[in-house]
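Some notes on the structure that comes next.
Structure follows, in C-alpha cells:
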C-alpha cells in the first residue's frame, strides 16, 4: 500500500459503513482503496467544486427510472430520475433495454415489485456505547416478491452477462435473505439479466438458511478484506473518485496533455478516446459509456486477428523464461477466446514470424523487468483529466525502460507522420519527456505480410517533443470543450460499432437490384 492509511486530508462524514454489491465487481474497473474509503464515509476535507456534465452520464439510470415509473406508479419520490438530458444513444439503448427486460421476465406475473429496495443492516456493538458501528449492505437492482411474502427475487441488470465472483453471489443472497427482515420469507432467488439480449442467469436459488450459509462461506471474508486490507489500484475508477486529489498512488502530471483549463467537468482520456471522438463525437461518447458494441464490426476478422497477435505476444513476453520469440510459430497459435478464419490464422502466423526478427527480448537486459500491456495512469490537474494508456510492452535495455508499440497490417507501410497516425506514440513521448517514466526511447514495430518495420523516437529531441505536444493538444482540446457529443453522420456509419444506438446514423444506399 502506498503512503499512510487512510490518506491525509480526509475526514469522515458518516458513521455508517455503507457497502455496495458493486464494490465486488470486475477488478479492472474497481479500486479497493477507493471503495473502502467510500464505504466508511471518508471524503476530502476540502472538496472541489462540482462540475456536472451537460448530459446525464449514468448509462442505465434512465432504464431504472422508467421501470420505477411503470412498476411503482404510486412512488412520487423521483428517486434516481436525473433532471439532465440524456444522449440520443442512451435513449435508444434505454428503449432496447426495456424491451429486453420485458422479454426476460414475461412469465413472472406471480411476483410483484417490492415496496422498497432491500438492504441488510447490522450494528456491531462489541465496543459498546455510542461508538458501535452500523453496517449497511445493498445492491442496485429490481426487487420482487410473492404476494404471500414467502419468495423474494433480486434482478441485477448488466449490459452483458458476465461471470460473477463467489463473493458477489454470496453477498447478493444475504441482501435478499436478511435485508428488511420478513418472518414470512422462505425462498431466495438472485438473477442477473442482460439488457443487450434479454438473457438471464440464476446466481442463487435456495432457502433462506442456504443463503446465510453461503454468505458465511464466501461473503463475510470478502467484506472484511475490503474494509481491513484495501489496496490502491489506479485505473478508470480514479476519474470519479472523490479521494483522487489526495491519493498517494495516483501520479500527478500537470500539463501532460498540453492544455490548461480546469473549468470543464472531470473526465478520463486515452488515445482510444481521442480516436473515437475524431471519428464522430457520438461514437466516442457511447464507447466511453461502455454500451454494447456491434460484434460484427468490433470483432471483424481483421480486427480479431490483430488482437489475437497482440495477445499471443503479450503472453510470450510475459513468460518467466527470457527466451526471445522465434520464427517457429505453432499451427495452433491463436490464444483462447479468439476465433479466426483460416486465412487470418495463416496471416497472423506470418506476422508473428516477422516479429521474431525484431523481438525486444533479443536486446533486453538479461533478468530485467518486463511489463506486457501495463496500465499507466496519470492525473493531469492542469486540465482536471485522468490520463490512461497501455503500452504493448515496456522492457529494459542498459538499465533504461524502452516503450514498444506493435501494430499489424495486411499491407500498409510505415506512415511518414508517426505521431499523427498513432497518437499513443505522442502520449508515450510526452510521458517520457516529462520524466514520468525513466525511459530513453519509444519504438514502433509494424508487422506486414512481407516484412517488419521498426522505428525509434527520441522523446528528448526538441522537434519530436514539440510535435507530440501539438498532436495531443489537437486530439484533446475539441473533446475537452465538447458538451453534447452529437453524431456527425457520414459514410463511416456503415463501419461504426455503435451505430445501432444512433438514430442519426446514415443508412447504406440501397443496391441497384433493390431499386
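Residue numbers (UniProt numbering): 1 to 515. Positions of the beta carbon are idealized from the N, C-alpha and C atoms, including for glycine.
Closest option to residue 177, judged by alpha-carbon separation, among 166, 168, 189 and 167: 189. Pairwise C-beta distances place the stretch 222-230 out of contact with the stretch 353-365, as fewer than three of them are shorter than 8 Å. The three-state secondary structure of residue 191, taken from DSSP, is strand. In the three-state scheme derived from DSSP, where H, G and I count as helix and E and B as strand, residue 141 is classed as coil. Going by DSSP, residue 285 is part of the alpha helix (DSSP H) stretching over 281-288.
A residue is called buried once 16 or more other Cβ atoms fall within 10 Å of its Cβ, and residue 193 is buried on that count. Annotated three-state conformation of residue 205 is strand, per DSSP. Each of 138, 141, 122 and 139 was checked against the Cα of residue 132, and the nearest Cα belongs to 122. Cβ-Cβ distances below 7 Å link residue 142 to 67 and 155 in the same chain, with the five nearest sequence neighbours on each side left out; the list follows chain order. For the options 441, 446 and 466, the alpha carbon positioned closest to that of residue 458 is the one of 441. Residue 39 sits close to residue 227, with the two beta carbons spaced by under 8 Å.
In the three-state reduction of the DSSP assignment, residue 407 falls in the strand class, which pools E and B. Taking a 10 Å sphere around the C-beta of residue 11, we find fewer than 16 other C-beta atoms and assign the residue as exposed.
Just so you know, the alpha carbons of residue 375 and residue 232 end up roughly 13 Å apart. Residue 11: member of the beta strand (DSSP E) spanning 10-12, first to last residue. Where residue 269 is concerned, there is no enclosing alpha helix (DSSP H), although the beta strand (DSSP E) around it starts and stops at 267-269. Of the candidates 409, 69, 371 and 102, the residue whose Cα lies closest to the Cα of residue 199 is 102. For the pair residue 259 and residue 480, the CB atoms are nearer than the 8 Å cut-off.
At a Cβ-Cβ threshold of 8 Å, residue 372 and residue 337 do not count as neighbours. Residue environment: residue 503 is assigned as exposed (fewer than 16 neighbouring CB atoms within 10 Å of its CB, all protein chains considered). Under the three-state reduction of DSSP output, residue 87 falls in the coil class, being neither helix nor strand.
Measuring C-alpha to C-alpha distances from residue 21 to each of 273, 168, 244 and 180 identifies 168 as the nearest. For residue 166, the three-state secondary structure derived from DSSP is helix. For residue 422, the three-state secondary structure derived from DSSP is coil. Here the C-alpha atom of residue 283 lies approximately 46 Å from the C-alpha atom of residue 185.
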